[in-house]
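Peer 1:
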Amino acid sequence: MTTVATFEPLFPEDRVLDPLLEQAAELVDSSQRLLAVRDTPLATALC
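Last residue of the sequence shown: 46 (numbering that gives the first Met the number 0), numbering continuous.
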């Protein structure tokens, strides 16, 4: 299975998109971590 970490570009323009895919993966990871803690008392107080 291919992940962002093992991304191999098929087309030349994919080399340009690779950093954007890595950034998107980091943002998705961060948002999932935030969603995981959103029901804690501190997260509820901050919202």
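All C-beta atoms, glycine included, are put in the ideal place defined by N, C-alpha and C. Note that the coordinates shown come from a computational prediction; the quantities given were computed from them, not determined experimentally.
#1: Which residues in the same chain have their Cβ closer than 8 Å to the Cβ of GLN22, if we skip the five residues on either side of it in sequence?
#2: Looking at the structure shown, is LEU9 part of a helix, part of a strand, or coil, going by DSSP?
#3: Roughly how many angstroms separate the alpha carbons of ARG14 and ARG32, rounded to a whole number?
#4: Report all residues from its chain with a CB closer than 6 Å to the CB of ALA35; omit the five preceding and five following residues, and keep chain order.
Peer 2: With the given structure in hand:
#1: none
#2: coil
#3: Approximately 28 Å between the Cα atoms of the pair.
#4: none
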